[in-house]
Amino acid sequence: MRRRFAQYRQTGAYRDGQAVLGFVVIALLFALPILNQNRMVLGVDAFFHLHRFYDAAMQLKTGQFNYFVSLFGFNQSGRIVNAVYGPWFAYLNGLLLLLAGSWVRWQFWSNFIIAFGGLLAGYLAFRWARVRRLYSVAGSMIMVGSLPGLSWFANQAFMNVGAMFIALAVGIGIRMLQQPDRPINPWQMGAVMALGIQVHMLSTLFMLLVLVWFALPAVFRAKRPVVMVLNGLLAAGLALLLSVNVWMPFLHVNMGNRLLRPFIELRGDIPADTLGFTWDGSHNLSLIAMALIVIAVAALVLRNQCQPRLDFTTQWTLLGGVLLVVAGSQLLPWRMIMKDADNWLSTFQFALRFGIPGLILIVFGLLLWLQQQPIAASSGMQVATLATGVLAMGMLFTPMTDKMATQSGLKTVVGLTAYTRPKLTVKQLVADERRTDLSRLILDGTQNYPDYLPISKKTALSLTGKDWYTKQGLDQVYLHDIVLNRLPKMKQTVVDGQLHLTWQAKRATTVTLPVVKYAATTLSLNGQMLNNVKLSRIGAPIVKQQAGRNTLILSYQTPSWLPTTQYVAAISWGLLAFGAVVAQLRRFYKEKE
Numbered sequence: 001m002r003r004r005f006a007q008y009r010q011t012g013a014y015r016d017g018q019a020v021l022g023f024v025v026i027a028l029l030f031a032l033p034i035l036n037q038n039r040m041v042l043g044v045d046a047f048f049h050l051h052r053f054y055d056a057a058m059q060l061k062t063g064q065f066n067y068f069v070s071l072f073g074f075n076q077s078g079r080i081v082n083a084v085y086g087p088w089f090a091y092l093n094g095l096l097l098l099l100a101g102s103w104v105r106w107q108f109w110s111n112f113i114i115a116f117g118g119l120l121a122g123y124l125a126f127r128w129a130r131v132r133r134l135y136s137v138a139g140s141m142i143m144v145g146s147l148p149g150l151s152w153f154a155n156q157a158f159m160n161v162g163a164m165f166i167a168l169a170v171g172i173g174i175r176m177l178q179q180p181d182r183p184i185n186p187w188q189m190g191a192v193m194a195l196g197i198q199v200h201m202l203s204t205l206f207m208l209l210v211l212v213w214f215a216l217p218a219v220f221r222a223k224r225p226v227v228m229v230l231n232g233l234l235a236a237g238l239a240l241l242l243s244v245n246v247w248m249p250f251l252h253v254n255m256g257n258r259l260l261r262p263f264i265e266l267r268g269d270i271p272a273d274t275l276g277f278t279w280d281g282s283h284n285l286s287l288i289a290m291a292l293i294v295i296a297v298a299a300l301v302l303r304n305q306c307q308p309r310l311d312f313t314t315q316w317t318l319l320g321g322v323l324l325v326v327a328g329s330q331l332l333p334w335r336m337i338m339k340d341a342d343n344w345l346s347t348f349q350f351a352l353r354f355g356i357p358g359l360i361l362i363v364f365g366l367l368l369w370l371q372q373q374p375i376a377a378s379s380g381m382q383v384a385t386l387a388t389g390v391l392a393m394g395m396l397f398t399p400m401t402d403k404m405a406t407q408s409g410l411k412t413v414v415g416l417t418a419y420t421r422p423k424l425t426v427k428q429l430v431a432d433e434r435r436t437d438l439s440r441l442i443l444d445g446t447q448n449y450p451d452y453l454p455i456s457k458k459t460a461l462s463l464t465g466k467d468w469y470t471k472q473g474l475d476q477v478y479l480h481d482i483v484l485n486r487l488p489k490m491k492q493t494v495v496d497g498q499l500h501l502t503w504q505a506k507r508a509t510t511v512t513l514p515v516v517k518y519a520a521t522t523l524s525l526n527g528q529m530l531n532n533v534k535l536s537r538i539g540a541p542i543v544k545q546q547a548g549r550n551t552l553i554l555s556y557q558t559p560s561w562l563p564t565t566q567y568v569a570a571i572s573w574g575l576l577a578f579g580a581v582v583a584q585l586r587r588f589y590k591e592k593e
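Have a look at this one:
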């Protein structure tokens, strides 16, 4: 037995297991402040995602399902959010919320899972790129603790969740250049792209950008370029098959409505949100991230003087990273670029987001370069690299604990913070974070983001910067028409997957209802179907109420093909997982023989 264990300790599987165990410990330590303080971190995007996951949780708890409209979250307004923003991932978080029992425990476990997932994904990606195990561990810690990490752990922005998939895409891209015999594994690439689509579609655009960057030179270096292209097409088809439950509903909603895109900086009267610098990374770039960028630039400039010289793969990786960091900085005239609302770059929303894949590429490139140096095998360099990773993770604690202690977001500021109910105190907020009644925290605040609301053609064509986060912005219209629009004796219930809204009126007048109507939304007022109903700027129906009791029933005409997309995606993932297990077992027994 001892002999077998001694032999096992010499295998790569044992060392990989050590890395995974280390990631579990790091992720637990990273999430521990939430459990220790029994406090949540509520960043700038927190309430938007809290409402998403609460809606999914209550649908699971009550059995009242609607794949498209929000029945419980977003003030029970019938908004479409989860259907176009990672529906399966939302339901998984809803399940986690129910199991956790309170919001603060949910954040502890979600932060642990995301930290562990980010570390593990980074490690796998580095190993795919043939980076040594120890440096793969350090690189994963540097990535999670640098720019990508801040977006979720300090602000609850979803780019951090997507960053783990961007890292996987970088690992796949580097291997395109390292393996000219077989540059693309279509099953691996397709699965990674599908995971990105399932969780965060915006991150998938960066993943695609990264893969195209590596594919351009790889196709000329491939021994069989035609086979490479065919495998790329196969990967694309597999990704679409595995994510059919996301992109088909997404197209359905977008083809039937003009949806208000998430906030984009298309006005020139404000400075663009570009990469900034603070020593701890509380504003995008930490001291470590800046040092890595400087080293990357120096390595490219002095590439001919480096001994050994930088190989093409390392140069191409570093060049891509530096170019993306430059794209996310003030070196480009972003105020002028973003003046055009139809500019394709506005899809990425903020210039600083280019820095996320940029920094990931730089970390990959520097580790590829480092392990080519004779000093890479020395214990001193290995310890120094690991220490850098530990320091990067540690720097994340500062912005986290600052927000945990002050929760300055309780003061509602147009365009900067969520709307919170009047006279809400930190003490009340803390109590609601800990309650088993999950609805209390949802009633405390809401994100006034007007994302994915239906707007008219006239509004869509006349969008300007003043339509976002100003006193006349659509976010303020949303607050007025939905959040603050409480009708007399109003009551909201959910029956058979439909929203029922009842209220009392003293006389028959015109009133704006606090719900949202999309093209496939059906409305019945006092037993009469409403056709060609007048809508406000953000899709709230304007109707004539009757004196006395009024009842509105909101439902959504779910397309008949929706269940098929769910079954196809689920079965495809099941078959892919089964195939992966079989392949792994075959490899195991082959090595054993």
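The sequence shown begins at 1 in the UniProt record's numbering and counts up one residue at a time. Positions of the beta carbon are idealized from the N, C-alpha and C atoms, including for glycine.
It is roughly 16 Å from the alpha-carbon of PRO541 to the alpha-carbon of TYR452.
Counting other Cβ atoms within 10 Å of its Cβ, GLY527 stays below 16 and is therefore classed as exposed. Under DSSP, ASN550 shares a beta bridge with TRP503.
In terms of Cβ geometry, ASN75 and ASP55 do not form a close pair [threshold 8 Å]. For LYS491, the enclosing beta strand (DSSP E) covers residues 491-495. The secondary-structure analysis by DSSP pairs ILE360 with nothing; it has no beta-bridge partner.
GLN315 and VAL516 have their C-alpha atoms some 51 Å from each other.
In terms of CA proximity to GLY17, LEU134 leads the group PHE47, LEU134, GLN64, LYS61. Separation of PRO262 and ILE482 (C-alpha to C-alpha, rounded to the nearest whole angstrom) is 18 Å.
Only buried fits ALA191, as 16 or more other CB atoms lie within 10 angstroms of its CB.
Within the same chain, and ignoring the five residues on either side of GLY196 in sequence, the residues whose Cβ sits closer than 7 Å to its Cβ are GLY162, PHE165, SER203, THR204, MET207. Of the residues VAL511, VAL229, PHE578, SER462, the one whose Cα lies closest to the Cα of LEU525 is VAL511.
Every candidate beta strand (DSSP E) stretch fails here, since none sits fully inside the segment 283-347 while reaching 3 residues.
In this structure, the alpha-carbon of THR551 lies about 13 Å from that of VAL494. Residue burial annotation: TYR419 is buried, with at least 16 other C-beta atoms found within 10 angstroms of its C-beta. Taking ASN111 as reference, the option from VAL69, GLN198, SER560, PHE23 with the minimal CA-CA separation is PHE23.
Beta-bridge analysis with DSSP links THR388 to no other residue.
One thing to note: LEU50 has its Cβ within 8 Å of the Cβ of ILE442. With fewer than 16 neighbouring CB atoms inside 10 Å of its own CB, THR436 falls in the exposed class.
Taken through DSSP and simplified to helix, strand or coil, ILE442 comes out as helix. Ranked by how close their Cα comes to the Cα of LEU242, the residues PRO186, ALA291, ILE293 have PRO186 in first place. Secondary structure in the segment 10-90: the alpha helix (DSSP H) runs of 4 residues or longer, each lying completely within the stretch, are 12-37, 46-62 in chain order. In terms of Cβ geometry, LEU324 and ALA299 do not form a close pair [threshold 8 Å]. For ILE166, the uninterrupted alpha helix (DSSP H) run begins and ends at 159-178, by DSSP. Between PHE53 and ASN93, the CB-CB gap stays under 8 Å. By the C-beta criterion, the segment 101-120 is judged not to be in contact with the segment 465-485, since fewer than 3 inter-stretch pairs fall below 8 Å. The C-beta distance from VAL210 to GLY173 rounds to 5 Å, short enough to meet the 8 Å contact threshold. Less than 8 Å divides the Cβ of THR521 from the Cβ of TYR556. For the 8 Å CB-CB criterion, ASN160 and ILE114 form a contact. Taking the C-beta atoms as reference points, THR388 is found no nearer than 8 Å to ILE295. For GLN156, the secondary structure class from DSSP, reduced to helix, strand or coil, is coil. In the DSSP assignment, LEU352 falls outside any alpha helix (DSSP H) and carries neither an H nor an E. Judged by their CB atoms, VAL69 and PHE250 are not nearer to each other than the 8 Å cut-off. Within the DSSP secondary-structure output, MET395 pairs in no beta bridge. By the C-beta density criterion, ARG486 is exposed, having fewer than 16 other C-beta atoms within 10 angstroms. In terms of CA proximity to PRO422, GLY445 leads the group GLY445, LEU438, GLU433, ARG440.
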